[in-house]
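In my numbering, the protein residues as written are 17 to 279. The structure under discussion appears below in the form of structure tokens.
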Amino acid sequence: MDDPQKFRWTVPWYTHFDFEAVAYAKYLAQTRPAARIAILYQNDDFGRDYLAGFRKALGSSAKSVVGEASYDLTDPTVDSQIIALKASGADTLVFFGTPKFSAQALRKTADLGWTPVRIVCSPGSSIDGALKPAGLDISTGVLTSQLVKDPDDAAFSGDPDVQDYLTFMKKWAPNESPRDSNAIAAYLVGQVFQYVIQKARNDLTRENVLKQASALRDVKLKMLLPGVVLNNSPTKYTAFRQYQMSRFDGSSWKPFGSVYTAE
């Protein structure tokens, strides 16, 4: 939907899947240049976007991909794919898919005694939807990228952003879990909507609101991780272009290292 020429009035909120994949490629190039990579991806536009972005970002290092397999949403399991990818000799497993199959992939990898570095895309990294079903002990050490602060992370217990968010949720959505990623996303959407309307001031025409929504410059919202800001332009609407690598420690995600950009 990020196509200003075709969809002028649609400013997408969510990040590009292929942008996120670039962060993983950059991370591996920086920290594991000799990695032998196996990729498991969902066989639809969602998974193929990740795959295309990842391969493009690897560039000349694409030869480091020694195994690749896909699955369909109708498949009962991804066991056979994981068995095949292990046989490739890979020491790094990258997964581009949804939570159910992320859990299956992590579980089968452990069952086989295979211990690659494991990276799962953010939609497949849900603690409740993927890591708990796979087993918290099994999931310890898994990597992903994040954009927002985890309200359950002790490192943010005294963080003003998190305290404001928890206060907001207690007042306006007392029956909802503050940990729910959808709640955090909605909280961010509300902030950027307020920002755009305030920038538009008294000129709330469609043209001016669009102008403000497509001219975000280093906008910092509450609950975004340090270093993650929003930037877009009239020719590139998508505002999320930065990603923080995080590691699961058995109970929560822990941000570490550099913030990677999609460019």
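Built from N, CA and C at the ideal position, the CB exists for glycine as well.
Asked, Found
"Opening and closing residue of the beta strand (DSSP E) in which Gly151 lies", "Premise fails: Gly151 is in no beta strand (DSSP E) and is neither H nor E."
"Residue range of the unbroken beta strand (DSSP E) whose run includes Trp269", "Trp269 to Thr277"
"Nonlocal neighbours in the same chain, by C-beta distance under 6 Å from Tyr276, ignoring five residues either side", "Ala39, Lys42 and Tyr259"
"Cβ contact check for the segment 73 to 89 and the segment 49 to 59: 3 or more pairs under 8 Å", "yes"
"Coarse secondary structure for Phe111, derived from DSSP in three states", "strand"
"The segment 220 to 237 touching the segment 115 to 135, judged by at least three CB pairs closer than 8 Å", "no"
"For Thr114, the nearest candidate out of Phe70, Ser193 and Ser142 (CA to CA)", "Ser142"
"At least three beta-carbon pairs within less than 8 Å, the segment 94 to 101 to the segment 64 to 79", "no"
"Gln21 classed as buried or exposed, judged by whether at least 16 other C-beta atoms fall within 10 angstroms", "exposed"
"Where Gly63 falls: helix, strand or coil (DSSP)", "helix"
"Bridge partners - Thr160, DSSP secondary structure assignment", "Ser262"
"C-alpha distance - Pro92 paired with Pro132, whole-angstrom precision", "23 Å"
"Three-state secondary structure (DSSP) of Glu84", "strand"
"Assumed close pair Ala106, Ala54 - CB separation to whole angstroms, cut-off 8 Å", "3 Å"
"The segment 199 to 217 contacting the segment 147 to 161, beta-carbon criterion three pairs below 8 Å", "no"
"Cβ-Cβ separation, Pro176 to Pro194 (assumed contact under 8 Å), whole Å", "Not confirmed; about 15 Å, so no contact."
"Euclidean distance between Cα positions of Ala171 and Thr221", "43 Å"
"Cβ-based neighbour list, Phe256, same chain, cut-off 6 Å, excluding 5 preceding and 5 following", "Thr31"
"From Cys137, Ala150, Ser104 and Ala103, residue whose alpha carbon lies closest to that of Lys124", "Ala150"
"Lys165 (DSSP reduced to helix, strand or coil)", "coil"
"N-terminal and C-terminal residue of the beta strand (DSSP E) that Val136 is part of", "Val133 to Val136"
"Proximity winner among Ser268, Thr251, Ala278 and Gly266, relative to Thr26 (alpha-carbon distances)", "Thr251"
"Where Lys72 falls: helix, strand or coil (DSSP)", "helix"
"Chain-order list of residues whose beta-carbon lies under 7 Å from that of Pro139 (same chain, five-residue window excluded)", "Thr114"
"Buried or exposed (CB count within 10 angstroms, at least 16 for buried), Trp188", "exposed"
"Cβ neighbours of Leu109 in the same chain (closer than 6 Å, five flanking residues each side left out)", "Ala54, Pro132 and Arg134"
"Nearest-angstrom Cα separation, counted from Gly243 out to Val235", "11 Å"
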